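2 protein chains.
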Amino acid sequence: MSAGQPLKLAIAGLGTVGAATGALIRGQADLLMWRAGRPLVLRAVSARDRAKPRGFALEDVAWFADPVAMAREADADVIVELIGGADGAARATVEAALAAKRHVVTANKALLAHHGNALARTAEAAGLVLAYEAAVAGGIPIIKAVREGLAANDLTRVYGILNGTCNYILTTMRESGREFADVLAEAQKLGYAEADPSFDVDGVDAAHKLAILAAVAFGAAIDFPALRIEGIRHVSAADIAYADELGYRIKLLGIAHRSSIGLEQRVQPCMVPVGSPIAQVDGVFNAVVAEGDAVGMSFYQGRGAGAGPTASAVVADLIDIARGHRVATFNQPAASLKKLPAAPSERHRGAFYIRLMVVDRPGVIADVAAALRDESVSLESMLQRGRDPGAAVAVVLTTHETEEGAMKRALERIGRLDAVVEPPRVIRIIEAL
Amino acid sequence: MSAGQPLKLAIAGLGTVGAATGALIRGQADLLMWRAGRPLVLRAVSARDRAKPRGFALEDVAWFADPVAMAREADADVIVELIGGADGAARATVEAALAAKRHVVTANKALLAHHGNALARTAEAAGLVLAYEAAVAGGIPIIKAVREGLAANDLTRVYGILNGTCNYILTTMRESGREFADVLAEAQKLGYAEADPSFDVDGVDAAHKLAILAAVAFGAAIDFPALRIEGIRHVSAADIAYADELGYRIKLLGIAHRSSIGLEQRVQPCMVPVGSPIAQVDGVFNAVVAEGDAVGMSFYQGRGAGAGPTASAVVADLIDIARGHRVATFNQPAASLKKLPAAPSERHRGAFYIRLMVVDRPGVIADVAAALRDESVSLESMLQRGRDPGAAVAVVLTTHETEEGAMKRALERIGRLDAVVEPPRVIRIIEAL
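First to last, the sequence lines map onto chains A and B. One rule links them: number in our numbering = place in the first sequence (from 1) + 71. One rule links them: number in our numbering = place in the second sequence (from 1) + 71.
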């Protein structure tokens, strides 16, 4: 594969992303050749339905009904896996490609979150590239930024908005004042959310991306089971309105934080200060903040999904391969990657927003405050809007930074108070830079 | 230079950035070795004052009083040029390094803006790297993002806040309501602006960076003389207040835009919608927006200057060299780079803000509106705050998109009206994504 010779490609999966990738390689061939230093040539494709139009000419490429057979047999230097899913055909295709000594480019976050360590070891042992820019934050070149652009930094924290569906729902909830179920139903009608939305709204998709991002940022093995994952189903219009009043936005964040207590990896709804860049990221956009010792805070925003942005990331990986770039898959040689010890959740530090539904009578706030004081949780603010003696009213509290264990113990005691008529709602507050 | 062997470095210039670079290479040696795949070893330095403490050990590195001699003679694979300036010692050092077959890493935007084309040809002809991530937007890995991360895209527009001093001054003017001269004097006292501030506040520094960014984005030769450059000296507190009222922020932007009329390269104060990400970038931060056909809008923000962020970018370039990355300096082979035809300024399109000081009497607005109409410039809004019959009052207009030539002709006629008592102040409005 010396400079000037074509880089031969095969694409497995011709859904919207696969079709856009093929169209980009074909439609932008001259520009890509200048940039890559040699032609990118599509030699084979595999998809279920051969008759379906894909938006680019397929007559001169080999057709495979079976992607695994293509990975083994196609005349290709690189197999582009765009099938999706943690196992099944996608995994079999990637494993077959590596076994047949072909580089792999994939957009498959589930596959990497579950099998990335083993695949990286296999690829590196064979001197092959396993590239996955498209798997995290779509069109934002965040893997490249973290692994190369910030390579001089000891990174301490990486966090971001990694799921556009959730961000669209939260944005619409805030703008319209409507509840989750209502906005989700509309998003499904508009095609912004899947018929089965759980992968997105329960945080699993964001968690897959976070697990990959954390591995790259900290030069560690992917440790998906260590993630704490909470979605956005329980975020209410009331919490969003209170956040507004307190100067925050609620965002579903994936957060990876390395400290003396270990590695913390969480996906959960968080409040971020309205003046921070990440608070301003609305709708289907994704964004990532990386904090390093030399560079300080750096921030990246772009489209997190969709055919064009994802194809842009896939083809960027292909150009890197054509240019001869070789970087360890997760920033350090795969054979040397270790899982970092997980930080015990009770020792995670943070400030908290707490919404209580309490019976409006004298002494309730004193009992709540006493429970917090006894666990050394320091109150930052308290507000109760409206009076309704004898009935249930909302009381909103924010705390200073504390340990999650102390917070949990105080909340258990508060939840047992007679006057507290619903389980407390708790949302973490993030000091976003 | 096979994998595992040390990459030997020599640093020319030990000011704040040079010292931080040396300290980073020394202090983070283990991490950098994992990332780079081999040790980065400092072998030589050159600076004026040997006695001055630099924050890292210098006993075991060769000392050169003359950076050019070091570039020729040091036992180094890479010469890191951190002297600064378009000519003189910096240029001589880089030329000597390339002649002696050493790679070059530099943070020197002036050198590249003026001599980048020739230096890139020399480097590429000799198979050497000329790397300059630190020259544009400091800690933001924007060269890498545009040249590699977005390599699949046909880019149409790249723009950003490229000078932290100007952004700090404009931010402080808005927050305090004070005038430019007053805020500049304070910034000088605080060390945020130089004693001679013209390089920053007149837009030259931003222009150097824009010229480089445009070359990378469009795979073109750098064409610094083609830039239109306007600084921030004429931005008044009144304009900033009116911008606020109209829903805009005033930012000094560098804008490169390629269209059917040619390449437009401008540095000038612009109004951007307050809801756009770039409008939210305050203080000393830099930010860049890149717009591509596949990826859509992508946005990058971080610290644009300072020892740590700049050293982060310099060392990222060193790691790229150690990893064996080779990319054409300006995104296409230097020998093939051509200057793009410059778009004639009268054909640049845009919307405009116009502030007039007019005598408050009937008929003046009609005369102004007629002058705009006769040049087919369409008004979007008009506002006159306060009445003061017979005295001068401010009238603020915004237009729809028009050609700059038409705008200019209308303004000449407006400026000649008896009732218009000061030259019109005009600021371009940018439809930032």
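Think of the CB as a built atom: it goes at the ideal place given N, C-alpha and C, for glycine as much as any other residue. Keep in mind it's a predicted model, so treat the numbers as computed, not measured.
Test: residue i CB closer than 7 Å to a CB of chain A
i, result
"SER347 of chain B", "no"
"SER330 of chain B", "no"
"ASN55 of chain B", "In the structure displayed, chain B extends from 72 to 504; residue 55 of chain B sits before or after that span and is not available."
"ALA393 of chain B", "no"
"ALA100 of chain B", "no"
"PRO415 of chain B", "no"
"ALA387 of chain B", "yes"
Chain B contact for residue i (CB, 7 Å cutoff)
i, result
"LEU95 of chain A", "yes"
"ASN234 of chain A", "no"
"HIS396 of chain A", "yes"
"GLY476 of chain A", "no"
"ARG106 of chain A", "yes"
"LEU80 of chain A", "no"
"GLY75 of chain A", "no"
"PRO344 of chain A", "no"
"ALA216 of chain A", "yes"
"GLN351 of chain A", "yes"
Those residues which DSSP pairs with residue i across a bridge
i, result
"PRO212 of chain B", "Paired residues: none, contrary to the question."
"GLU152 of chain B", "B:ALA83, B:THR177"
"TRP105 of chain B", "In the DSSP output, where bridge partners are listed per residue, TRP105 of chain B has none listed."
"ILE326 of chain A", "A:TYR230, A:ARG337"
"PHE251 of chain A", "PHE251 of chain A is not bridged to any residue."
"ALA465 of chain B", "B:MET428"
"ILE498 of chain A", "A:TYR424"
"GLU474 of chain B", "B:ARG420"
"ALA277 of chain B", "Paired residues: none, contrary to the question."
"ILE300 of chain B", "B:VAL338"
"ILE321 of chain A", "A:MET342"
"VAL491 of chain A", "A:VAL429"
"SER447 of chain B", "For SER447 of chain B, which the question treats as bridged, DSSP gives no partner whatsoever."
"LEU454 of chain B", "B:VAL467"
Below-7 Å beta-carbon distance, residue i vs any chain C residue
i, result
"ILE390 of chain B", "The chain inventory of the structure shown lacks chain C, comprising the protein chains A and B."
N- and C-terminal bounds of the beta strand (DSSP E) containing residue i
i, result
"GLU362 of chain B", "356–363"
"GLN372 of chain A", "367–374"
"ALA115 of chain B", "111–117"
"GLN339 of chain A", "333–344"
"ARG426 of chain A", "420–430"
"GLY133 of chain B", "The sequence shown places Ala at residue 133 of chain B, rather than the Gly named in the question. Here the beta strand (DSSP E) through ALA133 of chain B covers 133–135."
Bounding residues of the alpha helix (DSSP H) (the contiguous stretch that carries residue i)
i, result
"PRO550 of chain B", "Only positions 72 to 504 of chain B appear in the structure, and residue 550 of chain B is not among them; the question remains open."
"GLN403 of chain A", "Counting along the chain, GLN403 of chain A falls outside any alpha helix (DSSP H), and DSSP gives it neither H nor E."
"LEU241 of chain A", "235–247"
"ILE293 of chain A", "Counting along the chain, ILE293 of chain A falls outside any alpha helix (DSSP H), and DSSP gives it neither H nor E."
"ARG458 of chain A", "Run containing ARG458 of chain A: none; DSSP gives neither H nor E here."
"ALA142 of chain B", "138–144"
"ILE349 of chain B", "First-last for ILE349 of chain B: undefined, no H or E at that position."
"PHE270 of chain A", "269–272"
"LEU16 of chain B", "No statement about residue 16 of chain B is possible, as the shown extent of chain B runs from 72 to 504 and does not include it."
Distance cut-off 6 Å: residue i Cβ against heavy atoms of the ligand FAD
i, result
"ALA266 of chain B", "This structure lacks the ligand FAD; in fact it carries no ligand of any kind."
contact_flag[the stretch 147–155 of chain A, the stretch 119–128 of chain A] where n(CB pairs < 8 Å) is 3 or more = no
message = Tell me which residues of the stretch 365–385 of chain A have at least one Cβ-Cβ distance to chain B shorter than 7 Å, keeping chain order.
response = Taking 7 Å as the Cβ-Cβ cut-off against chain B, the residues of the stretch 365–385 of chain A that qualify are ALA365, VAL366, GLY367, MET368, SER369, PHE370, TYR371, GLN372, GLY373, ARG374, GLY379, PRO380, ALA382, SER383.
message = Could you check whether the stretch 469–477 of chain A touches the stretch 73–90 of chain B, counting it as contact only if at least three pairs of C-beta atoms, one from each stretch, sit closer than 8 Å?
response = no
ask   = At a Cβ cut of 8 Å, what residues of the stretch 220–231 of chain A count as close to chain B, listed as they run along the chain?
value = Residues passing the 8 Å Cβ filter: GLY220, LEU221, ALA222, ALA223, ASN224, ASP225.
task = Check each residue of the stretch 276–291 of chain B: if its Cβ is closer than 9 Å to any Cβ of chain A, include it; give the result in chain order.
result = GLY290
query = Name the residues in the stretch 398–409 of chain A whose C-beta lies less than 7 Å from a C-beta of chain B; which are they?
reply = VAL398, ASN402, GLN403
message = At a CB distance below 8 Å, what residues from the stretch 199–212 of chain B approach chain A? Give them in sequence order.
response = GLU204, GLY210, ILE211, PRO212
query = Counting Cβ pairs, one atom from each stretch, are 3 or more of them under 8 Å apart for the stretch 202–210 of chain A and the stretch 200–214 of chain B?
reply = The stretch 202–210 of chain A vs the stretch 200–214 of chain B: no contact.
ask   = For the stretch 283–293 of chain B against the stretch 247–261 of chain B, are there 3 or more C-beta pairs whose distance is under 8 Å?
value = no
message = Contact between the stretch 312–332 of chain A and the stretch 478–489 of chain A is defined here as three or more beta-carbon pairs at a separation below 8 Å; is this criterion met?
response = As far as the Cβ criterion goes, the stretch 312–332 of chain A does not touch the stretch 478–489 of chain A, which means the pair count is below three.
key: the stretch 189–200 of chain A touching the stretch 388–405 of chain A, judged by at least three CB pairs closer than 8 Å   = yes
message = For the stretch 308–337 of chain A, list every residue whose C-beta sits within 9 Å of some C-beta in chain B, in sequence order.
response = none
request  = Determine contact between the stretch 375–385 of chain B and the stretch 444–460 of chain B, defined as no fewer than three beta-carbon pairs at a distance below 8 Å.
outcome  = no
task = Note down, in chain order, all residues in the stretch 449–460 of chain A with a beta-carbon under 9 Å from any beta-carbon belonging to chain B.
result = none
request  = Spell out a yes or no on whether the stretch 291–299 of chain A and the stretch 310–321 of chain A are touching, meaning 3 or more CB-CB pairs, one atom from each, closer than 8 Å.
outcome  = no
task = Using a Cβ-Cβ cut-off of less than 8 Å, list which residues of the stretch 105–138 of chain B approach chain A; keep chain order.
result = TRP105, ARG106, ALA107, GLY108
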